[in-house]
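K.L.:
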Amino acid sequence: EIGDMPANLQAKLLRTLERREVDRLGGRMPIPVNVRIIAATNQDLPELITKKAFREDLYYRLNVASIHVPPLRDRPEDLPLLAAHFLRGLNIRLGIHLTGISKDAMEVLLNRDWPGNVRELLNILERAAIVSAGGILTADAVKIASRRFLNALADEEDETECISLMETLYELEKRLIVSALEKSGGVQAKAAKILGLSPKNLWKKMRKHSLND
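Start counting the sequence shown at 1415; every next residue gets the next number (our numbering).
Dropping the structure here:
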């Protein structure tokens, strides 16, 4: 976020762009660089310039070519591509194997307003992915992982302190399993299919949550 860059870093970046060199910490000789800066912001930089919060000379140095990207709510056609891209990254980072997003789950995503834009999409997908652990990302996982659900969960618990991430994920996973078991009439093989898990993995998770007693 270039608009949040402190004034001292703005000056250093401008110097680097103008001189095309950097000084290594502890080094004696400047190091030549040949780079192109791609910066992003959701702020009004000209307005920040008038408020002396952003350097005008840096703005014109960076603003050689600009691309306006509409908010996510105005380009729903990009959602499937973005979601697929994020899931590939989450599979690698979290060590899971999500094979895709169900049609119902995509409908849930398409019906959101996305006030947090792409960052909100990634946040929700990551929460849902951690709970799902693999298979197809379901609508239940997406709903439960949404911010509204987490806020409602905090209200239900009537706690004055924030619920920790691990406590929240534990509760989300348990609710997903209970929901799948209810939909499958208690048949674990069907519940595992709904959740995109192997029967063995479902059994382990049920045991963790004391649901197989």
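We put the beta carbon where it would ideally sit given N, CA and C, even for glycine. Quantities reported herein were computed from a predicted structural model and do not represent experimental measurements.
Which ranges does the alpha helix (DSSP H) cover as unbroken runs of at least 4 residues, wholly within the stretch 1483-1562, from first to last along the chain?
P.N.:
1493-1508, 1517-1524, 1531-1546, 1553-1559
K.L.:
For Pro1446, name the three-state secondary structure that DSSP assigns.
P.N.:
Sequence index remark: in the sequence shown, residue 1446 carries index 32 (1-based). Pro1446 falls in the strand class under three-state DSSP.
K.L.:
Considering only their Cβ atoms, is the gap separating Ala1559 from Ala1542 smaller than 7 Å?
P.N.:
In the sequence shown, residue 1542 corresponds to position 128, counting from 1. In the sequence shown, residue 1559 corresponds to position 145, counting from 1. For Ala1542 and Ala1559, yes; Cβs fall inside 7 Å.
K.L.:
Would you check if the distance between the CB atom of Glu1415 and the CB atom of Thr1455 is smaller than 7 Å?
P.N.:
Residue 1415 sits at position 1 when you count from the first residue of the sequence shown. Residue 1455 sits at position 41 when you count from the first residue of the sequence shown. It is a contact, given that the beta carbons lie within the stated cut-off.
K.L.:
Please report the straight-line C-alpha distance between Asp1572 and Leu1586, rounded to a whole angstrom.
P.N.:
The residue labelled residue 1572 in the question sits at position 158 within the sequence shown. The residue labelled residue 1586 in the question sits at position 172 within the sequence shown. Confidence is the limiting factor: at Asp1572 the pLDDT is only 48, short of 50, which leaves the residue's position unreliable, though a coordinate-based value still follows. Taking the CA atoms as reference points, Asp1572 sits about 17 Å from Leu1586.
K.L.:
Whole angstroms are fine: how far does the CA of Arg1442 sit from the CA of Asn1537?
P.N.:
Taking the first residue of the sequence shown as position 1, residue 1537 is located at position 123. Taking the first residue of the sequence shown as position 1, residue 1442 is located at position 28. Answer to the nearest angstrom: the Cα atoms are 43 Å apart.
K.L.:
Identify, in the order they occur along the chain, each residue of the same chain with its Cβ nearer than 8 Å to the Cβ of Gln1602, setting aside the five sequence neighbours on each side.
P.N.:
Residue mapping note: residue 1602 aligns to position 188 of the sequence shown, counting from 1. If we look at Gln1602 and ignore the five residues flanking it on each side, its Cβ neighbours are Leu1595, Pro1613, Leu1616, Trp1617, Met1620.
K.L.:
Can you give me the C-alpha to C-alpha distance between Asp1471 and Leu1428, rounded to a whole angstrom?
P.N.:
Mapped onto the sequence shown, residue 1471 falls at position 57. Mapped onto the sequence shown, residue 1428 falls at position 14. In this structure, the alpha-carbon of Asp1471 lies about 8 Å from that of Leu1428.
K.L.:
Use the C-beta contact count for Ala1421: other C-beta atoms within 10 angstroms, 16 or more gives buried, fewer gives exposed.
P.N.:
To locate residue 1421, count along the sequence shown from 1; it is residue 7. Exposed.
K.L.:
Between the alpha carbons of Lys1607 and Ile1510, how many angstroms are there, rounded?
P.N.:
If you number the sequence shown from 1, residue 1607 lands on position 193. If you number the sequence shown from 1, residue 1510 lands on position 96. Cα to Cα, the separation comes out at about 16 Å.
K.L.:
Between the Cα of Arg1589 and the Cα atoms of Gly1599, Ala1555, Arg1487, Leu1423, which residue gives the shortest distance?
P.N.:
In the sequence shown, residue 1589 corresponds to position 175, counting from 1. It is Ala1555.
K.L.:
What did DSSP end up calling Glu1415 once you bin it into helix, strand or coil?
P.N.:
Translated into the one-based positions of the sequence shown, residue 1415 becomes position 1. It is coil, neither helix nor strand.
K.L.:
Could you give the C-beta distance for Val1522 and Lys1557, rounded to a whole number, given that I count them as a contact under 8 Å?
P.N.:
Sequence index remark: in the sequence shown, residue 1522 carries index 108 (1-based). Sequence index remark: in the sequence shown, residue 1557 carries index 143 (1-based). The pair is a contact, with the Cβ atoms about 6 Å apart (cut-off 8 Å).
K.L.:
Just the Cα atoms here: how many angstroms apart are Leu1504 and Gly1549?
P.N.:
Numbered from its first residue, the sequence shown carries residue 1504 at position 90. Numbered from its first residue, the sequence shown carries residue 1549 at position 135. Each residue's alpha carbon lies about 13 Å from the other.
K.L.:
Under 8 Å by Cβ, that's how I've got Glu1435 and Pro1446 pegged, so tell me the actual separation to the nearest angstrom.
P.N.:
Stepping through the sequence shown from its first residue, residue 1435 is reached at position 21. Stepping through the sequence shown from its first residue, residue 1446 is reached at position 32. Rounded, the Cβ-Cβ distance is 5 Å, consistent with contact.
K.L.:
On the DSSP letters alone, give me the boundaries of the alpha helix (DSSP H) that Gln1457 sits inside.
P.N.:
Position 43 of the sequence shown, counted from the first residue, corresponds to residue 1457. Looking at the DSSP string, Gln1457 is not in any alpha helix (DSSP H), and its letter there is neither H nor E.
K.L.:
Near Ser1624, which residues of its chain fall below 6 Å by C-beta distance, leaving aside the five closest residues on each side in sequence?
P.N.:
One-based indexing of the sequence shown puts residue 1624 at position 210. Excluding sequence neighbours, Ser1624 sits near nothing in its chain.
K.L.:
Closest by CA to Asn1448, which one among Met1419, Thr1430, Arg1438, Pro1460?
P.N.:
For the purposes of this step, residue 1448 is taken as the residue at position 34 of the sequence shown. Out of Met1419, Thr1430, Arg1438, Pro1460, Thr1430 has the C-alpha closest to the C-alpha of Asn1448.
K.L.:
Specify, as a first and last residue, the run of the alpha helix (DSSP H) that Ala1605 falls within.
P.N.:
Position 191 of the sequence shown, counted from the start, is the residue given in the question as residue 1605. Run containing Ala1605: 1602-1609, per the alpha helix (DSSP H) assignment.
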